[in-house]
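Report on the structure given below.
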Amino acid sequence: MITKTITKAVFPAAGLGTRFLPATKASPKEMLPLVDKPLIQYVVEEAVSSGIEQVVLVTGRGKRAIEDHFDVAFELEEELKAKGKHKILSEVQRIADLVTFCYIRQKKALGLGHAVLTAKRVVGNEPFAVLLGDDIIDAQTPVLKQMIRVHQRYPATILAIQKVPRSQTGQYGIIDAKRIENGVYLVKDLVEKPAPNEAPSNLAIIGRYILTPEIFPALEHTKPGKGGEIQLTDGLKLLMERQPIYAYEFEGNRYDAGDKLGFLKATVEMGLKNKEFGSEFRSYLQKLKL
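Note that my numbering has the sequence shown beginning at 30, numbered continuously upward.
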């Protein structure tokens, strides 16, 4: 197989954000502010830093704020110019110039697999990345860039994985795999949210994927599961019958920002790293009587 450059990334963002209700009743969970940026901006910036040239955002009803965030805000920019706020003006303009965006509407939230499938015509016949906005990963080298390097050695589907406590396997897709080099595994099986005593390992699939275009026919033949949803894990199992799938244990600190406690942890730790006020924030926390 000839290795192709990964230039497109799909961002499924049509979910209802039920884990964050009532905050997400009228606002997209992807726009929840993590320190000074919405969650989705962190992940888009990771993609851009990894060489992605086009972002395909799969959205749904009530997600217009995401499109507006990455668009030009003429009135706001003029107001900032008039008030001489050039630093924040530069940042606002940078957001609109990050990357080329394409928006696709997923009319019904029918699962992650279905969301990926809606991007078929835009992606075309080339490998592409999928990034989930719930997973914020603080890494010296962007995780997607790490995965692209693995893809260059193994030009196939690559799943990002992380070791999790056995007690948490029911929250993830779990792989059964054979280690072939440091941090890289050949996947033998995938199990969606197994009970701890049924999990084949504690290697959990995290929200970063590099997928070959053969995933699309696999998803088209994937039968809906619980709730009528098409699971990406089920599509990957079908794909594995035709070609190998690899998993990569990435380097970086990952936060499940789609979970309230995970979001709070991310807020504290990312806040401490903030160059503008991190030192002052640290002093404040140290004074708390915990």
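Ideal Cβ placement from N, Cα and C applies to all residues, glycine included.
Among Phe279, Leu160, Thr262, Ile69, the one whose alpha carbon lies nearest that of Tyr214: Locating residue 214 in the sequence shown gives position 185, counting from the first residue. Among Phe279, Leu160, Thr262, Ile69, the Cα nearest to that of Tyr214 is on Phe279.
Inter-stretch contact at 8 angstroms, needing at least 3 Cβ pairs: the segment 293-302 / the segment 56-72: yes
Counterpart residues of Leu86 in DSSP-defined beta bridges: Your numbering for residue 86 matches position 57 in the sequence shown. Answer is Phe40, Tyr132, bridged to Leu86.
DSSP three-state assignment for Gly142, whether helix, strand or coil: Reading the sequence shown from its first residue, position 113 is the one you call residue 142. It is helical.
Environment of Thr198 [buried if 16+ CB atoms lie within 10 Å]: The sequence position of residue 198 within the sequence shown is 169, counting from 1. Classification of Thr198: buried, given that the 10 Å Cβ count is 16 or more.
Cutoff 8 angstroms; reference Pro242; Cβ partners in own chain excluding five residues on either side: Translated into positions along the sequence shown, residue 242 becomes position 213. The residues are Val152, Gly153, Asn154, Glu155, Pro156, Phe157.
Cα-Cα separation, Val179 to Gly281: By one-based count along the sequence shown, residue 179 stands at place 150. By one-based count along the sequence shown, residue 281 stands at place 252. If I take the Cα positions, the gap works out to 16 angstroms.
Close-in-space but distant-in-sequence residues of the same chain around Ala144 (CB under 7 angstroms, 5 per side omitted): Here residue 144 refers to the residue found at position 115 when the sequence shown is read from its first residue. Pro41, Ala43, Val87, Gln135, listed in sequence order.
Arg182 burial status per 10 Å Cβ neighbour count (16 or more: buried): One-based indexing of the sequence shown puts residue 182 at position 153. Counting of Cβ neighbours within 10 angstroms places Arg182 among the exposed residues, the total staying below 16.
Which of helix, strand or coil DSSP assigns to Gln321: Shown here, the chain extends from 30 to 319; a query on residue 321 therefore has no answer.
Neighbourhood of Gln83 by C-beta distance below 6 angstroms, restricted to the same chain and skipping five residues each side: Translated into the one-based positions of the sequence shown, residue 83 becomes position 54. Lys37, Thr129.
Rounded Cβ spacing between Ile124 and Gln70 (contact assumed at less than 8 angstroms): Within the sequence shown, residue 124 is the residue found at index 95, counting from 1. Within the sequence shown, residue 70 is the residue found at index 41, counting from 1. Confirmed, about 7 angstroms.
Distance CB(Glu75)-CB(Leu232) smaller than 8 angstroms: Within the sequence shown, the letter at position 46 stands for residue 75. Within the sequence shown, the letter at position 203 stands for residue 232. No, the Cβ-Cβ distance between Glu75 and Leu232 is not below 8 angstroms.
Those residues which DSSP pairs with Glu221 across a bridge: Along the sequence shown, read from residue 1 onward, the residue named residue 221 stands at position 192. The partner list for Glu221 (beta bridge, DSSP) reads Gly202.
Residues bridged to Thr22 (per DSSP): One cannot answer for residue 22 here, as it falls past the ends of the chain, which runs 30 to 319.
7 angstroms Cβ shell around Gly212 - same chain, five flanking residues per side excluded: The sequence position of residue 212 within the sequence shown is 183, counting from 1. Tyr277, Glu278.
Euclidean distance between Cα positions of Lys318 and Lys92: The residue given as residue 318 occupies position 289 in the sequence shown. The residue given as residue 92 occupies position 63 in the sequence shown. Taking the straight line from one Cα to the other gives about 40 angstroms.
Run of the beta strand (DSSP E) containing Leu105, from where it starts to where it stops: As a first step, residue 105 is located in the sequence shown; it is residue number 76 there, counting from the start. Leu105 -> not in any beta strand (DSSP E); alpha helix (DSSP H) instead, spanning 103-111.
Span separating the alpha-carbon of Arg48 from that of Gln260: Residue numbering aside, residue 48 sits at position 19 when the sequence shown is read from its first letter. Residue numbering aside, residue 260 sits at position 231 when the sequence shown is read from its first letter. For Arg48 and Gln260, the distance between alpha carbons rounds to 19 angstroms.
Spatial neighbours of Val85 in its chain, beta-carbon cut-off 6 angstroms, leaving aside the 5 residues before and after: Mapped onto the sequence shown, residue 85 falls at position 56. Cβ within range, chain order: Val39, Cys131, Ala148, Val151.
Limits of the unbroken beta strand (DSSP E) element including Phe306: As a working mapping, residue 306 is identified with position 277 in the sequence shown. It is not in any beta strand (DSSP E) - Phe306 carries neither H nor E in the DSSP assignment.
Status (buried if at least 16 other CB within 10 Å, exposed otherwise) for Thr34: Numbered from its first residue, the sequence shown carries residue 34 at position 5. Under this definition Thr34 is an exposed residue.
Burial state of Leu219, where buried means 16 or more other Cβ atoms lie within 10 Å: For the purposes of this step, residue 219 is taken as residue 190 along the sequence shown, with counting starting at 1. Leu219 comes out buried.
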